[in-house]
Ligand code: HEM
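Here you go:
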């Protein structure tokens, strides 16, 4: 990232992040995909971006900062905002597919559906405060707000599981995070004991 | 770890209820015991059958050894239904991951 001006790097990043959406919309406009066919890829892309945004934190805690992880961390907020954007695209596709408000309200009470809505609502606040000025204003409170993402992530996985009843894809998306969290917990606990022994 | 907070408990409880409220059957794993494909009725007849249910068909496909249909009923509810490819009998119907119909004696696990 140091080789390119910041603005250029950011533009390239967002161009890349927009590729899956472009492919989905092309399928829809070209008539190869029904709106319902795009619910899966848009939802899954959102979950994947959430995972990518949530990984560098625990990895840095576990391995300490290096160039790669620092670069990753520097684009983390972009990944999070993109995850929210894909959740909005997912919702837009859902609205197109459902056609009427009445049909959407009718299924709002189903566990597979309200978990999705709640996941989306929990993403609103963290996404809304993800610009530099909000970060400065909020100080430590900013981190607390970002923790809502954990709840949103768990709900998104529940949403997936409840619709699909296939635990494997949801579990695969949880696995890297679970490993990073375990690694961090292990590193932190061994560090504490080491410090105690040498104290 | 900090102390456990009430919202967290409420959240976990709601999630637990949601996960238990639905039957656990992966729709990709429904088995119809339908035998060789050359005995299957054509998809065109499946479409007629769906139409006769009063449903609006969105998509019909082969899933494992079953015919699977995505459709909307007269109330506008989104359905995912499995039909036996030989008899075209309606075997099981899901709505957003929840089972809402099962033919008598049918076991989706085969
Ligand atoms: C606005 C609220 C939401 C609604 C109404 C909603 C609705 C739906 C629906 C109807 C499906 C299709 C299930 C099928 O294929 O039959 C779906 C799938 C999915 N959604 Fe959502 N969703 C919402 C929010 C979210 C959010 C925020 C995420 C992730 C961050 C998400 C992730 C997924 C995933 C991964 C799938 C794929 C499940 C599958 O079909 O295998 N959804 N959603």
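Residue numbers (the UniProt record's numbering), protein chains in the order written: chain A, 1 to 199; chain B, 1 to 110.
Backbone N, C-alpha and C define an ideal beta-carbon position, used for all residues, glycine too.
Next on the checklist: Just to make sure I have the definition right: I need the residues of chain B whose C-beta is within less than 8 Å of the C-beta of residue 8/A. Which are they?
Outcome noted: For a Cβ distance threshold of 8 Å, nothing in chain B lies close to residue 8/A: the least Cβ distance comes to about 42 Å.
Next on the checklist: Taking the alpha helix (DSSP H) that residue 45/B belongs to, which residues open and close that run?
Outcome noted: Residues 43 to 52.
Item to check | Classification of residue 56/B by the beta-carbon crowding that lies within 10 angstroms, buried from 16 upward | outcome: Around the beta carbon of residue 56/B, fewer than 16 other beta carbons sit within 10 angstroms, so the residue counts as exposed.
Checklist entry - Does any CB atom of chain B fall closer than 8 Å to the CB of residue 107/A? => result Under the 8 Å criterion on CB atoms, residue 107/A is classed as interfacial with respect to chain B.
Checklist entry - Under a CB-based cut-off of 8 Å, is residue 165/A close to chain B? => result It does; some Cβ of chain B falls within 8 Å.
Checklist entry - DSSP state of residue 29/B, grouped into three classes? => result In the structure shown, residue 29/B sits in a helix (DSSP, three-state: H, G or I).
Next on the checklist: So residue 81/A and residue 173/A are supposed to be a Cβ contact under 8 Å. How far apart are they, rounded?
Outcome noted: Under the criterion of beta carbons closer than 8 Å, residue 81/A and residue 173/A do not qualify as touching, at roughly 19 Å.
Checklist entry - With a cut-off of 8 Å, does the C-beta of residue 96/A fall near any C-beta of chain B? => result False, the Cβ-Cβ gap to chain B never drops below 8 Å.
Item to check | Secondary structure of residue 131/A, DSSP reduced to three states | outcome: Per DSSP, reduced to three states, the secondary structure at residue 131/A is coil, with no helix or strand assignment.
Item to check | Contacts that residue 170/A makes with chain B (C-beta to C-beta distance below 9 Å) | outcome: Listed by position along chain B, the residues whose Cβ is nearer than 9 Å to that of residue 170/A form an empty set, because the closest Cβ is around 11 Å away.
Item to check | Residues near residue 96/A by beta carbon distance below 7 Å, same chain, minus five either side | outcome: So the qualifying residues of the chain are 35.
Checklist entry - DSSP on residue 75/A, reduced to helix/strand/coil? => result Here residue 75/A sits in coil by DSSP.
Next on the checklist: Just verifying my parser: in three-state terms, what is the DSSP assignment at residue 93/B?
Outcome noted: Three-state DSSP puts residue 93/B in a strand.
Checklist entry - Does the pairing of the stretch 38 to 51 of chain A with the stretch 102 to 113 of chain A give three or more beta-carbon distances under 8 Å? => result Taking a contact to require three or more Cβ pairs closer than 8 Å, the stretch 38 to 51 of chain A and the stretch 102 to 113 of chain A do not qualify as touching.
Checklist entry - Going by C-alpha distance, which of 63/A, 84/A and 53/A is nearest residue 74/A? => result Closest option to residue 74/A, Cα to Cα, is 53/A.
Checklist entry - For the ligand HEM, any of its heavy atoms closer than 7 Å to the Cβ of residue 156/A? => result Yes - the ligand HEM has a heavy atom lying nearer than 7 Å to the Cβ of residue 156/A.
Checklist entry - the ligand HEM heavy atoms versus the CB of residue 55/A: any closer than 7 Å? => result No, Cβ of residue 55/A sits at least 7 Å from all heavy atoms of the ligand HEM.
Checklist entry - Assuming residue 126/A contacts residue 145/A under a Cβ cut-off of 8 Å, what Cβ separation, rounded to an integer in Å, is found between them? => result Between the beta-carbon of residue 126/A and that of residue 145/A there is about 6 Å, and that keeps the pair under the 8 Å contact cut.
Item to check | For residue 146/A, the residue or residues it bridges with in DSSP | outcome: Answer is none; residue 146/A lacks a bridge partner.
Next on the checklist: In whole angstroms, give me the CA-to-CA distance for residue 101/B and residue 49/B.
Outcome noted: About 16 Å.
Item to check | Enclosing beta strand (DSSP E) for residue 78/B [first to last residue] | outcome: DSSP places residue 78/B in the uninterrupted beta strand (DSSP E) bounded by 78 to 83.
Next on the checklist: I need the DSSP call for residue 21/B, collapsed to helix, strand or coil.
Outcome noted: Caution is warranted here: a pLDDT of 49 is assigned to residue 21/B, below 50, making its placement in the model unreliable, and the coordinate value is therefore given only provisionally. Coil, per DSSP.
Next on the checklist: Closest to residue 158/B by C-alpha separation, out of 47/B, 37/B and 58/B, would be which residue?
Outcome noted: There is simply no residue 158/B to check, as chain B begins at 1 and stops at 110 in what is shown.
Checklist entry - Buried or exposed: where does residue 190/A fall if 16 or more other Cβ atoms within 10 Å of its Cβ makes it buried? => result With fewer than 16 other Cβ atoms inside 10 Å of its own Cβ, residue 190/A counts as exposed.
Next on the checklist: Check this for me: beta carbons of residue 111/B and residue 69/B, under 8 Å apart or not?
Outcome noted: Outside the shown range of chain B (1 to 110) lies residue 111/B, about which nothing can therefore be said.
Checklist entry - Closer than 8 Å, CB to CB, is residue 63/B near chain A or not? => result Not one chain A Cβ lies under 8 Å of residue 63/B.
Item to check | Beta carbon proximity, residue 261/A to chain B, threshold 8 Å | outcome: For chain A, the structure presents residues 1 to 199; residue 261/A sits outside this window and is missing.
Checklist entry - Does the beta carbon of residue 3/B sit closer than 8 Å to a beta carbon anywhere in chain A? => result For residue 3/B, the predicted model reports a pLDDT of 49, less than 50, meaning its position is unreliable; a value from the coordinates is still stated below. By this cut-off, residue 3/B is not an interface position.
Next on the checklist: Given 7 Å as the limit, tell me if residue 167/A has its C-beta closer than that to any heavy atom belonging to the ligand HEM.
Outcome noted: Residue 167/A Cβ: outside cutoff for every heavy atom of the ligand HEM.
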